[in-house]
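Engineer: One structure, pasted below without further comment.
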DNA sequence: CCACCCGCTTACCTTCAGGTAAGTACCCTA
DNA sequence: TAGGGTACTTACCTGAAGGTAAGCGGGTGG
């Protein structure tokens with residue numbers, strides 16, 4: 000569920016309860032393609048990690064946010080980072 | 000460092016300070032190919048996660064073991080599992 | 001003298017994640 | 001009427017991850 004080049008990168012941008020638009024994420028991760036960005040976001044949505052909030056406007060506005068469960072990943076990944084930094 | 004189909008599977012078999020031979024791992028993970036098994040073990044060795052212990056005998060005997068740092072991954076991955084099981 | 005054991009190594013092939021580029025729908029503004 | 005902003009969607013292509021199968025080295029049991 001967390002595999003692939005992009006999932007963790009996206010997650011890190013959403014941690015802290017941030018509410019980001021599609022274009023915000025595009026700008027925050029300039030090296031990702033639009034295709035990969037939605038693909039990963041959609042997968043994480045069906046996995047219950049993020050929430051999609053659609054505002055019916057023109058031009059369109061869609062925001063993404065971590066679910067509570069998604070947020071609870073934060074300390075775990077933090078522990079992983081700590082582990083990685085402890086490399087002898 | 001932990002990506003790919005096999006790294007985590009191998010790790011879980013080595014947790015608990017277990018000392019396993021190449022053939023032990025092969026039997027423990029019947030769906031892995033020999034090629035992938037050494038490839039991943041070697042990578043984890045250069046990453047400092049596992050230790051290779053070669054006994055100069057015939058037939059050859061090589062054992063694998065987690066380094067201390069590798070062992071310290073155990074509680075972290077445990078936390079990940081706990082998170083995954085908490086899926087609503 | 002042959003076959004076998006174990007831990008690889010090599011060559012070759014298939015599959016799929018991910019990249020690129022272009023297009024769509026919708027309304028708004030100039 | 002033309003162009004732009006936003007969030008996608010689609011078609012096509014490439015490289016790398018991983019699978020399969022066969023071979024090697026060298027001592028040992030039959």
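Residue numbers (the working numbering), protein chains in the order written: chain A, 0 to 87; chain B, 0 to 87. Beta carbons: idealized from backbone N, C-alpha and C, even for Gly.
For residue 73/A, tell me which candidate among 0/A, 4/A, 13/A and 2/A has the shortest Cα-Cα distance.
Structural biologist: 13/A
Engineer: Whose C-alpha, out of 16/B, 17/B and 46/B, is nearest the C-alpha of residue 6/B?
Structural biologist: 46/B
Engineer: By the DSSP assignment, the beta strand (DSSP E) with residue 62/A in it spans what residues?
Structural biologist: 60 to 65
Engineer: Alpha carbon to alpha carbon, how far is residue 44/A from residue 70/B? Give it in angstroms, no decimals.
Structural biologist: Between the alpha carbons of residue 70/B and residue 44/A lies a distance of about 33 Å.
Engineer: Pull out every residue of the stretch 11 to 45 of chain A whose Cβ sits closer than 8 Å to any Cβ of chain B, in chain order.
Structural biologist: Of all residues in the stretch 11 to 45 of chain A, none has a Cβ within less than 8 Å of some Cβ in chain B.
Engineer: Can you give me the Cβ contacts of residue 49/A inside the same chain, cut-off strictly under 7 Å, excluding the 5 residues immediately before and after it?
Structural biologist: 13, 40, 43, 63, 64, 65, 66 and 69
Engineer: Since residue 61/B contacts residue 20/B with CB under 8 Å, what's their CB separation in whole angstroms?
Structural biologist: 7 Å
Engineer: Could you please tell me which residues of the stretch 64 to 75 of chain A, in chain order, have their CB closer than 7 Å to any CB of chain B?
Structural biologist: 68, 71, 72 and 75
Engineer: Does residue 80/A pass the burial test, meaning 16 or more other C-beta atoms within 10 Å, or should it be called exposed?
Structural biologist: By the 10 Å Cβ count, residue 80/A comes out exposed.
Engineer: For the candidate residues 30/B, 86/B and 77/B, whose alpha-carbon lies nearest to that of residue 15/B?
Structural biologist: 77/B
Engineer: Alpha carbon to alpha carbon, how far is residue 87/B from residue 58/B?
Structural biologist: Distance between the alpha carbons of residue 87/B and residue 58/B: 51 Å.
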